[in-house]
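Chemist: Residue numbering for the sequence shown follows the UniProt record's numbering, beginning at 1 and increasing consecutively. Where a beta carbon is used, it is the ideal one built from N, C-alpha and C, also for glycine. If you're wondering where the values come from, they're calculated on a predicted model, not measured in any experiment.
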Amino acid sequence: MALALATTTPLAHLAPPPISGSQSSLLLLPRRQSPAPVSLSLRSRLVAAVSTKEPELGGGGSEGGDGAGGTGGGGGDSDPKEGGPEGEGEGEEEKMGQGLSMSQKLTLAYAALVGAGGVMGYMKSGSQKSLAAGGISALVLYFVHTQLPVRPVFASSIGLGISAALLSVMGSRFKKSGKIFPAGVVSLVSLARSQSFASFPSFPPHPPQKKPASVPHLLQTLPRRAVTPPPVSSAPPARATSKPGASGMEEEAPPAPTADGNQGAPVLPPEVITEILARLPAKSVGRFRCVSRAWCAMLSTAYFVDLHVRSANRPDHPRLLLTAVGSSDYDYHLHSWRPGGAVEKLMADDFSDGMIVPVTKPCRGLVLVRGTGYGGYFVCNPSTGDVLALPDSEAPMKMILRVKLFQPHPPPFFFEVSYGLGYCTMRKEFKVVRLFCNPKFETGTAKSTHCEVFVLDSPAYWRPTAEQPPLHWVEEEKPAVFLNGYLHFLCHDGGIVTLSISDETFGSLPPPSGFKDAASVMTELDGFLCLCYREPDSGGLYHVLVLRDYKETRWETLCCIDQTTWPEPERMLLDSLWMAPLGIYFSDGGQKIMFGTGACKVFVVNVDGNAPQILFTPDDTIIGSCEFYDNIPALGIYEESLVPVGRTIEEIISSSPTAESWFDILKWLPARSVLELSLVCREWRAMVMTDHFIQSHVIHANLNKRPRIMFIMDPRFGMYEDLEKFTDGHVPHLISELVCSQPVHGLNVGSCAFWDFICNPVIGYCEHISFDDNDGTFFAGRIGLGYDSEINKHVMVHITYKEKNLETRYYELQCKMRYVNHEQWRPIDPPPRPVAATTPTFVNGKIYWMVEPNLGPVSATCETVAFDVQTQEFEVLQGPPCSHDCGDMTILQLQGALCVACSDRSVNTIDVWMMEDCGLWLLKYHIQLKKFLPDYLSENTTPLAVDPKDGRILLNAGWSLGYYDPKTAEIETIYTQNIPEHGFKFCPIICHESLVWPFSPS
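(1) Quick check on this structure: which residue in Val189, Ala109 and Ser352 has the alpha carbon closest to the alpha carbon of Ala389?
(2) Output the distance between the C-alpha atoms of Leu929 and Thr838, rounded to the nearest integer angstrom.
(3) Entirely within the region 150-178 and at least 4 residues each: give me those alpha helix (DSSP H) ranges in chain order.
(4) Measure the Cβ-Cβ separation of Ser938 and Gly887 and say whether it is below 8 Å.
(5) Pick out whichever of Cys752, Pro281, Thr107 and Ala480 has its Cα sitting closest to the Cα of residue 1076.
(6) Check this for me: beta carbons of Asn956 and Leu933, under 8 Å apart or not?
(7) Can you tell me whether Gly371 is buried or exposed? The criterion is at least 16 other CB atoms within 10 Å of its CB, across all chains shown.
(8) Arg173 to Arg293, Cα distance in whole Å?
(9) From the DSSP secondary-structure annotation, give me the bridge partner or partners of Trp849.
(10) The beta strand (DSSP E) spanning Thr800 covers which residue range?
(11) Please specify which runs of the alpha helix (DSSP H), each continuous and at least 4 residues long, are wholly inside the region 441-483, giving them in chain order.
(12) Tell me the DSSP secondary structure of Trp913 in three-state form.
(13) Would DSSP call His884 helix, strand or coil?
(14) Look up Gln147 in the DSSP assignment and say whether it is helix, strand or coil.
(15) With three or more C-beta pairs closer than 8 Å as the rule, is the region 453-466 touching the region 408-417?
(16) With burial defined as no fewer than 16 other Cβ atoms inside 10 Å of the residue's Cβ, what is the status of Ser44: buried or exposed?
(17) Would you say the region 786-805 touches the region 819-834, given that touching needs at least three Cβ pairs under 8 Å?
(18) Express the C-alpha separation of Asn792 and Gln895 in angstroms, rounding to a whole number.
(19) Can you say whether Lys283 is buried or exposed, counting buried as having 16 or more other CB atoms within 10 angstroms of its CB?
(20) Just tell me which of Leu113, Lys802, Arg685 and Ile162 has its CA closest to the CA of Val140.
(21) Report the option in Ala324, Leu320 and Met355 whose CA atom is closest to the CA atom of Pro339.
(22) For the alpha helix (DSSP H) that Phe693 lies in, which residues bound it at each end?
(23) Output the residue ranges of the beta strand (DSSP E) runs that lie fully inside the region 632-682 and measure 3 residues or longer, sorted by chain position.
(24) Between the alpha carbons of Cys862 and Ile910, how many angstroms are there, rounded?
(25) Any chance the region 632-645 sits against the region 354-371, with 3 or more Cβ pairs inside 8 Å?
(26) Where do the N-terminal and C-terminal ends of the alpha helix (DSSP H) with Ile180 fall, by residue?
(27) Do you know offhand how far Phe616's Cα is from Asp526's?
(28) Using the C-alpha atoms, what's the distance from Glu467 back to Glu993?
(29) Counting only the same chain and skipping the five closest in sequence on each side, list residues whose C-beta sits under 6 Å from that of Tyr787.
(30) Just curious, the alpha helix (DSSP H) that Lys124 is in, first and last residue?
(31) Name, in chain order, the residues that DSSP records as bridge partners for Ala580.
(32) Compute the distance between the beta-carbons of Leu547 and Leu529, then report whether it is under 8 Å.
(33) How big is the Cα-Cα spacing for Phe726 and Leu679?
(34) At what residues does the alpha helix (DSSP H) containing Leu365 begin and finish?
(35) Using the C-alpha atoms, what's the distance from Gln147 back to Leu167?
(36) Assess contact between the region 303-313 and the region 270-289, defined as three or more Cβ pairs (one per stretch) separated by less than 8 Å. Is contact present?
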């Protein structure tokens, strides 16, 4: 009787010694079943698994060699010739006697359809070729139908070939003739059957298999250790057993058909396959997920992901993550390198506007990275290429000063922030933590602090921690270190603030005695908290200390490196502003400390700090020299991992019908109401802060709404007030030489004498825009604002005159542009015509300026200049048929169309011309202001907007605001002041209901 083993206890809890060769060979001999479950090592289990297949192959024949072998058996061991062929024949007859499977039925129907098509072709056109091809194909498919239960791989291969051939032939005929039958129908059915044959089918139990000649070579290469069987769900899979037979033994379920058609090959247990795949790189595992749905499910479970993190990474063979900041051959990719190997590309790092640098060490394979130059923070898995952008991380709201008039409690404002990434084992969730502080520069402490948490893959936004953080000064260049369930923040005064990831409570650790904060780095080294610092006046003395006893806070000096004793070539090569230990390096039976520098170089030293051994320099690799930036952590540790970074908030919200319903409701409300409702719950807060909601809200909340009017009180500090505030005696500030644009997708721009600004008056956002080439001369057409709907970014274009002469009509322009949330301006070619001193406007993807008639070539008609925000090119367009001699001209947007307002001083009227879709100009409005003197003068009055409710035009006369009704030619003044002297006037601004916040680093 052959041996059948069934393991009922998870193997991970058992640690048997390795089985020797003599013991292992005994497992191959026939044995009686043990009364108790047996625990084996992986290698022994594989051998036993192969041997247990023998009773299945023989179908339960007796030890003496009965010969019949049950229903399909090859008899016993004494005379296999008697039982094998006979049992095999009986097995085939039994297969054929069973009911037809679905695949057989479909194949039989397919054969009938092909045959009918051939007959129809012969009857219609007398084509003997069609009859022959259809008949032969039908016969082949009938043969496939008969062989599917017996030889599924062989039959599927033939079926795939004939269906692919029919698909090619009939598909080309259908493309030429367009006939539905037979060409179209046969092509469609051939496509479906090709896919069915290509995916290996599942049939009833196999026909008998022959006994394998030898144990596969795989058994000799697997490691000798036990593993826990992999679950497809959260629980380990149970061994399938057959019903008790005559022998009363448990047997493993028959194996699934093998894709290579080798029916004699042994089928490995699922736990063995899992153990093998868990040692592969993450990208290889991703490819194996495509083998079948069962493999995809098995390799995607939380059990396998955890097993892969533990098995695929060896602490004694660390891999490094190289970001190549400042590389001469920078190719916008992250790289990895292992000592003794070559540099490999991992993933593109084009998800940020800045260059990517690692912030933390891997946390179960996930790394917190940031983009240089206010590029934002991201959680990424370099193994899989997944990236999750953290919201509000480019320029956090709490680090932007917001001032509003009549506000008793201004929003919080902080100067510094430090980020960290941790994992809560109790809740199985990743948390990104950031600690804000407002430092006291004179004492080195903090005036105020605030800490926020963002949980990955949850419908929530940044939220406060459960406990208020202590008053300590932290810095962005010193991120938090995750160790033992705590995040550790290195403070400016040398102290260490700890945060428990599970309950979000704070604590502290004392620094080592004599610790100098100057040029200090905190990291994790070999499972211990590590502090490194360089003595300021020691000439290169570098201390490395580790916290050996966490509870007793006992620090121990691991090594002290004196770089002055290094040889001159090594000292010059490794000279860098940033240096930190990366891990432990095992070499020649000993351990060394591996260091990295800001120039992306790696070296190791002994604990005595002797001369370094250089392991890696990027100069001769695909990275190239990295000497440009050497004060940034350009490298870190890399781990193979399948851990997902989580879904974005938009993906989480879209998966909830309730959240989508609230999304559709809130997007119609005013911005103030939305901000108040965002405090209802964390899910709403997260929803209204997404880019998708902000972009949708600015469109829907302003549809068919009366223009919202505010007054600019102080453009320096972003102070704006609603018109209703001044109906009870308050007076708006009067300002000279200040202009402001119409709203462009929620934002406005304005100009005064010495600087420009961009703002969202509804939420109090304002950013100053300063220029080196500003000579203090006020120029109303200096800055234009547009919006690129393809990339959802606002565009600013800045135009100034380097030189102009009205007498000779000579001029020279300079022009540059940038996106609002970027920092750098980029020079572009100036417009082909001089621009006039009027505020530009934005319509349908283009920014428009009026052409200055007193400079450049003389033109008999009015002209405009347009800048396309997508192509970033200027063009000259014909203006309306009006003359500059009569009065002033203003270019603006009304009712979504480009308009030009031409004033006529002689009769005190304003003509508003509107450009039609075909490019023709149409006189849309004729505004008569003669009877409204002196409040409304044509040269001082400018249209601002059109009320979509009643079609009235909002006019601004500098000291009066009113709605002009084109039907009655009457004006309803909604606010007025006495006519001021010296050219001062109030400055109204039309604004959108908008939550748009550009997150500018300024």
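Modeler: According to the structure shown:
(1) With distances taken between CA atoms, Ala389 lies nearest to Ser352 out of Val189, Ala109 and Ser352.
(2) A direct Cα-to-Cα measurement between Leu929 and Thr838 gives close to 22 Å.
(3) Within the region 150-178, the runs of alpha helix (DSSP H) at least 4 residues long that lie entirely inside it are, in chain order, 152-177.
(4) Yes, these two residues count as a Cβ contact at 8 Å.
(5) Outside the displayed range of the chain (1 to 1002) lies residue 1076, so it cannot be described from this structure.
(6) The criterion of a C-beta distance shorter than 8 Å is not satisfied by Asn956 and Leu933.
(7) It counts as buried.
(8) Distance between the alpha carbons of Arg173 and Arg293 is about 35 Å.
(9) Trp849 pairs with Val865.
(10) From DSSP, the beta strand (DSSP E) with Thr800 extends over Lys793 to Asn805.
(11) Runs of the alpha helix (DSSP H) inside the region 441-483: none found.
(12) It is a strand residue.
(13) DSSP places His884 in the coil class of the three-state scheme, outside both helix and strand.
(14) DSSP places Gln147 in helix when its eight states are reduced to three.
(15) Touching, no, given that fewer than three Cβ pairs across the two stretches are closer than 8 Å.
(16) At Ser44, the pLDDT of 47 sits below 50, so the modelled position is not reliable; the number obtained from the coordinates is stated separately. Ser44 should be labelled buried.
(17) Yes, they touch.
(18) Straight across, the Cα-Cα distance linking Gln895 with Asn792 is about 22 Å.
(19) Counting C-beta atoms within 10 angstroms of its own C-beta, Lys283 has fewer than 16 neighbours from the protein chains shown and is therefore classed as exposed.
(20) Looking at the Cα atoms, Ile162 is the closest of the given residues.
(21) Looking at the Cα atoms, Leu320 is the closest of the given residues.
(22) Note, Phe693: alpha helix (DSSP H), Asp691 to His700.
(23) Counting only runs of at least 3 residues, the region 632-682 fully encloses the following beta strand (DSSP E) elements, listed from N- to C-terminal order: 635-638.
(24) Each residue's Cα considered, the two are about 16 Å apart.
(25) Under the Cβ criterion (8 Å, minimum of three pairs), the region 632-645 counts as touching the region 354-371.
(26) Element bounds for Ile180: n/a, residue is neither H nor E.
(27) Computed Cα separation, rounded: 21 Å.
(28) Distance between the alpha carbons of Glu993 and Glu467 is about 35 Å.
(29) Around Tyr787: Val744, His745 and His794.
(30) Residues Met102 to Ser125.
(31) Gly596.
(32) Contact flag set, yes.
(33) Between Phe726 and Leu679, the alpha-carbon positions lie close to 30 Å from each other.
(34) The sequence as given places Gly at residue 365; Leu does not occur at that position. Gly365 -> no alpha helix (DSSP H), and no H or E assigned at all.
(35) Straight-line Cα distance between these residues: approximately 22 Å.
(36) Verdict: yes, contact present.
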